[in-house]
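*Asks:*
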Amino acid sequence: MAFAIARVEKVKTLTGLTKLGQHHMRERPTPNADPVRSIRVLAGSGNPAADVKAILPEKRRSNAVLAVEHLLTASPEYFRPDAPDKA
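The opening position of the sequence shown corresponds to residue 12 in my numbering, with each subsequent residue numbered one higher.
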């Protein structure tokens, strides 16, 4: 049976963005990630904290949301119903 996951999470601090970038670029231990697969950055520099900081106004609300992380994923059966082992 195929399944999909959609997650949306607010990021409110530059520290949180830094940690998020380190996780995504595998600079922090990520035990559930396949170390063989390469990382492709589709937009930005791969450093979300620097990208967001470059466009932030100097004055902003203390509780402002700086970024929103979206995760969309699905099982191999969803993408290749005839051959899930080739996903």
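We put the CB at the ideal spot given by N, CA and C, even for glycine.
At what residue ranges does the stretch 22-90 contain a whole run of the beta strand (DSSP E), taking only runs of 3 or more?
*Replies:* With a minimum length of 3 residues, the continuous beta strand (DSSP E) runs that stay inside the stretch 22-90 are 78-85.
*Asks:* Would you list the one or two residues that DSSP bridges to Ala126?
*Replies:* With the chain covering 12 to 98 only, the question about residue 126 has no answer from this structure.
*Asks:* Can you give the Cα-Cα distance for Leu25 and Arg48, rounded to whole angstroms?
*Replies:* For Leu25 and Arg48, the distance between alpha carbons rounds to 27 Å.
*Asks:* Would Phe14 and Ala85 be called neighbours here (beta carbons separated by less than 8 Å)?
*Replies:* For Phe14 and Ala85, yes; Cβs fall inside 8 Å.
*Asks:* Suppose the cutoff is 8 Å on Cβ atoms and the five residues either side in sequence are ignored; what does the same chain contact list for Val79 look like?
*Replies:* Here the set comprises Val19, Glu20, Lys21 and Val22.
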